[in-house]
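Undergrad: For the protein sequence lines, the chains are A and B, in the order given.
Mapped onto our numbering, the consecutive letters of the first sequence carry residue numbers 1 to 461.
Mapped onto our numbering, the consecutive letters of the second sequence carry residue numbers 462 to 922.
Protein chains: 2
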Amino acid sequence: MTTMSRLEDVLSALDADLPQALERLKAFIRIPSVGTDPAHDADTRQAAEWLCAQLQDLGFAASVRETSGQPMVVAHSGPGGRRKLLFYGHYDVQPVDPVDLWTGDPFDARVEDTPQGKVIRGRGACDDKGQLMTFVEAMRAWKQVHGTLPDGLVMLFEGEEESGSPSLRRFLQDNADELRASLALICDTSLYSDGRPAITTQLRGLMGDEVVIRAADRDLHSGSFGGLAANPIQVLATALAAVKDADGRVTLAGFYDGIEELSAQLRADWADLGFDATEFLGRVGLGQPVGEKDRTGLELLWSRPTFEINGIAGGYAGEGFKTVLPAEARAKISCRLVAGQDPDRIRETFRDHVRRFVPADCTAAFHAHGSAPASRMDISDPAFAAVRLALTEEWGREAAFIGAGGSIPVAGEFREVLGMDSLLVGFARDDDRIHSPNEKYNVESFAKGARSWARIMARLV
Amino acid sequence: MTTMSRLEDVLSALDADLPQALERLKAFIRIPSVGTDPAHDADTRQAAEWLCAQLQDLGFAASVRETSGQPMVVAHSGPGGRRKLLFYGHYDVQPVDPVDLWTGDPFDARVEDTPQGKVIRGRGACDDKGQLMTFVEAMRAWKQVHGTLPDGLVMLFEGEEESGSPSLRRFLQDNADELRASLALICDTSLYSDGRPAITTQLRGLMGDEVVIRAADRDLHSGSFGGLAANPIQVLATALAAVKDADGRVTLAGFYDGIEELSAQLRADWADLGFDATEFLGRVGLGQPVGEKDRTGLELLWSRPTFEINGIAGGYAGEGFKTVLPAEARAKISCRLVAGQDPDRIRETFRDHVRRFVPADCTAAFHAHGSAPASRMDISDPAFAAVRLALTEEWGREAAFIGAGGSIPVAGEFREVLGMDSLLVGFARDDDRIHSPNEKYNVESFAKGARSWARIMARLV
């Protein structure tokens, strides 16, 4: 196989070019592309143009494409190839606030020696500039060794990921034929917590809802009305408390219907990860798992659904005290969903549950927030085994199929709009401080990440 | 009995002097004595001095007395008399915000014709300038007819009632011998809702508490931790929901211990009031009584204890949505208490209850807010029957012994510091808009209120 036989040359080229690759990443980070902040619109566009120019230099047919928000960058290699692949990343970064907690200018990227090894520090060093550049640098070395890029490759870079990707779905719909591939490659995830390479093969979905319980038509004095008038906070607390039983199970009717048990393969893979729930919770000052009693910690995080109250408000909660019976109380709730659960049906069963607790003279009003079904990739696609092997070779440790407790909305969009699964591989570490001050990316993540993509592409194209 | 035989003369004098009495009340209202607002400190003092001068004109030995806050006005008639009586009122008024909802200058007192009869409108017209002047005007007519004031009368007027009476307890302690009487007369309450004269003979107490449940040492992402990590809002909701059972009873251990059933006399009195809970709740847009199932509406409001959640907050409750597992959640609760309940013991049983719901890796912290025991006057004191008769004669309707769901803190202070009960008589109406824009006092309340005090004093001194 031509590509495999010349892989060692590509890897050597990557190693030799690492100092220059770091300089390119630094230059990229120096463009403050805070996509969500209109004051940075020109910077954000400059980052798109910088990336486009890089890809054109490598021989891609690349262009900056307009949307109603920040632009997309789309690049194509030549037609053909064994299978068409779409690589996705995002060039926008999180805001830097609170800026006074940074040890230096967030956009003045620099390499530092730390007890955890060399790191490149700056906003976007990991999320997602460093991660996406692992793929770009792999393609640069590939071009240098092979003289051509892999055929059948599309690259898509977004500038609104940190603001919820408001233009993405429309762009995918409008350019579906151009962008549809057999598989999407996404580099926006992490190594498993102990640094083991991993492919995220399932993601939980989400259903968010808001409830407002209204009682009297005004705030009441608890001395004048207390004992006789309904208290909407009490109604709300009672309804929400009843969503879970003493064993941590969700009591909503039909909540667990349609959920499949974990496959034997994944059960074995996950057990092999040696996850310690007590240690995991200990990192945030907790130590006692909640949730269903008969499930492992990783099942509870990755493959079992949740019900959470994300916010609650009612009455007077400021300084001091008011003896008020408030007119209303409200809560925001969300469920993390797994394959087999329909977000709309779960929303309705929650609302039906609440209504059973509302007295006849009170009302419950609901407001839907976002929803997304869970994603479970078809790991029988041979690409998954091939990528696993490539990662295992690069990192010298068996790569794992893992789950993720949260959503990666773009994977859902690719599934819904373009009908394709995503292969989620990334090299971030738990201590990379993404979205926080002093974000960094280990130089090892960057270097071995690029080598990983070279090995993956050698097996896929 | 001399005083009774000349009562008709006193009442006639009151009727003849009504126009001048209204002018005096208008002048009093025009002094903007917003005691809680330092910008009105000079006005507040001016109101004290105005009142002091009125009392001196009537022959009282009156003086303005300093405290660490607003001054007190204390006045004495001559020594002796059948029993020493203390009359209490307050000359400070509520702030006028929102001032743009007033139909005129809040302090430019004026008499208006309304569908409900003539009223005097202005801040303090009812609470408490109008009410306290009913007693002052009765004493003026008394003096005019008898040539002397009733012996053994002390008057105490406070300027901080609307700000929680911070200086009152200390002043009572420092001047206990001077102020202690056999009974306090307080004019700061209402007629029963249908305009029937009433004496409030029991007041519920209060216990306020605040609980903060803390879980992780930071806010967590519900995707990363949801299902495994404790959610303090869920813990709080579950604990608070369990404070009441499905029948509206409070489940806190020992909560109802020591509470006596209503006496047969009061049960009959209250039944005679024809209270309609559905109509009462209908005024605020409700219609279905909550609380213990086997109790009348007035018992639930006046003689049964409550548990209420007055405020709750946790996580993100603003616009939009955050998939957060918050680090903490908090609630403010209060219980209205009745005779036989100890506020401190009720506070502890609430805290013990909450602690049972807190997982081992979470904490519950508590912060005590105010507490006051319930007040239940000794209605076997013949003064109560005498006042009831006096009110019945004046209003042509049987006066009622009623309860109040809220506290009147000064009555508790009189009991605790001076060991005396309070006789609470007032002529406010439910539509007087106290504490709200366009406060008013019916001229009938003012005129018949003064006549009522003349009748009462004729029977007591």
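Note that CB positions come from ideal geometry on N, CA and C, so glycine has one too.
These numbers were taken from a predicted model, which means no experiment stands behind them.
Taking the alpha-carbon positions, what's the A230(A) to I694(B) distance?
TA: Distance between the alpha carbons of A230(A) and I694(B) is about 21 Å.
Undergrad: Identify, in the order they occur along the chain, each residue of the same chain with its Cβ nearer than 7 Å to the Cβ of M1(A), setting aside the five sequence neighbours on each side.
TA: Residue placement at M1(A) is poorly supported in this model, since its pLDDT is 49, which falls under 50; the coordinates still yield a value, given next. Once the five neighbours on either side are set aside, M1(A) has no close Cβ partner at all.
Undergrad: Whose C-alpha, out of F521(B), L723(B), D635(B) and S795(B), is nearest the C-alpha of G226(A)?
TA: Nearest C-alpha to G226(A): S795(B).
Undergrad: Is E855(B) near the ligand GTP, judged by its Cβ being under 7 Å from some heavy atom?
TA: The model on display carries no ligand, and the ligand GTP is accordingly not part of it.
Undergrad: Taking the alpha carbon of P32(A) as the point to measure from, which residue in G59(A), R6(A), P95(A) and Q54(A) has its own alpha carbon closest?
TA: Taking only the C-alpha atoms, the option nearest P32(A) is P95(A).
Undergrad: Kindly confirm or deny that the region 287-306 of chain A and the region 258-276 of chain A touch, where touching means at least three C-beta pairs closer than 8 Å.
TA: Touching, per the Cβ criterion.
Undergrad: For R356(A) and Q341(A), what's the separation of their Cα atoms in angstroms?
TA: Distance between the alpha carbons of R356(A) and Q341(A) is about 22 Å.
Undergrad: Note the first and the last residue of the continuous beta strand (DSSP E) segment covering A523(B).
TA: Counting along the chain, the beta strand (DSSP E) containing A523(B) begins and ends at A522 to R526.
Undergrad: Grab me the residues of V815(B)'s own chain with a C-beta within less than 7 Å of its C-beta, minus the 5 sequence neighbours each way, in chain order.
TA: Answer for V815(B): V672, A700 and A825, listed in chain order.
Undergrad: So which residues of chain A does E769(B) contact, with C-beta pairs closer than 7 Å?
TA: Ordered by position in chain A, the residues that pass the 7 Å Cβ test against E769(B) are S222, G226, N231 and L325.
Undergrad: For the alpha helix (DSSP H) that contains R455(A), what are its first and last residues?
TA: Its alpha helix (DSSP H) spans residues V443 to L460.
Undergrad: Considering only C-alpha positions, which residue in the set F521(B), H682(B), R526(B) and G520(B) is nearest to A508(B)?
TA: Among F521(B), H682(B), R526(B) and G520(B), the Cα nearest to that of A508(B) belongs to R526(B).
Undergrad: Is the shortest distance between the beta-carbon of S868(B) and the beta-carbons of chain A less than 8 Å?
TA: True, the Cβ-Cβ gap to chain A drops below 8 Å.
Undergrad: At a CB distance below 8 Å, what residues from the region 350-365 of chain A approach chain B? Give them in sequence order.
TA: For the region 350-365 of chain A, which is checked against every Cβ of chain B, the residues closer than 8 Å are P359, A360, D361 and C362.
Undergrad: Count the other C-beta atoms from every protein chain shown that fall within 10 angstroms of the C-beta of T114(A), then say buried if there are 16 or more, exposed otherwise.
TA: Per the 10 Å Cβ criterion, exposed.
Undergrad: Quick check for students: name the residue ranges of the beta strand (DSSP E) that lie wholly in the region 322-355 of chain A, counting only runs of 3 or more.
TA: Entirely contained in the region 322-355 of chain A, the beta strand (DSSP E) runs reaching 3 residues are, in chain order, 328-337.
Undergrad: Can you give the Cα-Cα distance for D476(B) and A645(B), rounded to whole angstroms?
TA: Whole-angstrom Cα-Cα distance: 26 Å.
Undergrad: Can you find a C-beta in chain A that's less than 8 Å from the C-beta of D747(B)?
TA: According to the sequence displayed, residue 747(B) carries Leu and not Asp. Yes, L747(B) lies at the interface with chain A (some Cβ there is under 8 Å from its Cβ).
Undergrad: Could I get the ranges of all uninterrupted alpha helix (DSSP H) runs contained in the region 714-780 of chain B, with 4 residues as the minimum, in chain order?
TA: Listed in chain order, the complete alpha helix (DSSP H) runs (minimum 4 residues) inside the region 714-780 of chain B are 725-733 and 738-743.
Undergrad: Would K462(A) be called buried (16 or more neighbouring beta carbons within 10 Å of its own) or exposed?
TA: In the structure displayed, chain A extends from 1 to 461; residue 462(A) sits before or after that span and is not available.
Undergrad: Excluding the 5 residues flanking V472(B) on each side, which residues of the same chain have their C-beta closer than 7 Å to its C-beta?
TA: A small correction: the amino acid at residue 472(B) is Leu; Val does not occupy that position in the sequence shown. Excluding sequence neighbours, L472(B) sits near R912 and A915.
Undergrad: Rounded to the nearest angstrom, what separates S375(A) and E299(A) at their Cα positions?
TA: Roughly 15 Å separates the two Cα atoms.
Undergrad: At 8 Å on the CB atoms, spell out the chain A contacts of Y777(B), in chain order.
TA: The contacting residues are N310, G311 and K332.
Undergrad: So the beta strand (DSSP E) E669(B) belongs to, where does it begin and stop?
TA: Strictly speaking, residue 669(B) in this sequence is Gly, with Glu absent from that position. Start and end: G666 to R675.
Undergrad: Measuring CA to CA, which of F845(B), E809(B) and V848(B) is closest to H830(B)?
TA: The residue with the shortest Cα to Cα distance from H830(B) is E809(B).
Undergrad: Distance, Cα to Cα, R876(B) vs D882(B)?
TA: Computed Cα separation, rounded: 6 Å.
Undergrad: So which residues on chain E does Q663(B) lean against when the C-beta distance must stay under 8 Å?
TA: No chain E appears in this structure, whose protein chains are A and B.
Undergrad: Near L101(A), what residues of its chain come up, given a Cβ to Cβ distance below 6 Å and the 5 sequence neighbours on each side ignored?
TA: Excluding sequence neighbours, L101(A) sits near P437.
Undergrad: DSSP on I660(B), reduced to helix/strand/coil?
TA: Here I660(B) sits in strand by DSSP.
Undergrad: Residues in its own chain within less than 8 Å of L652(B) by CB, not counting five upstream and five downstream?
TA: Only P658, A659, G887, F888, A889, R890 and S906 meet the Cβ criterion.
Undergrad: Exposed or buried, which one is A61(A) when buried takes at least 16 other CB atoms within 10 Å?
TA: So A61(A) counts as exposed.
Undergrad: Does DSSP put L486(B) in a helix, in a strand, or in coil?
TA: L486(B): helix per DSSP, three-state reduction.
Undergrad: Of the residues V99(A), P71(A), P106(A) and P98(A), which one's Cα is nearest the Cα of E161(A)?
TA: Comparing Cα positions, the closest option is P71(A).
Undergrad: With a threshold of 7 Å on Cβ separation, who are the neighbours of Y902(B) within its own chain once the five nearest residues in sequence on each side are excluded?
TA: Result list for Y902(B): V580, I581, A586, C587, G591 and D893, in chain order.
Undergrad: Less than 8 Å between the CB atoms is what I'm expecting for Q144(A) and A13(A), so what's the real figure, rounded?
TA: That pair is a contact at about 5 Å.
Undergrad: Decide if the region 269-277 of chain A is in contact with the region 728-746 of chain B; the criterion is three or more beta carbon pairs, one per stretch, under 8 Å apart.
TA: With a cut-off of 8 Å, the region 728-746 of chain B and the region 269-277 of chain A do not count as touching, because too few Cβ pairs lie within range.
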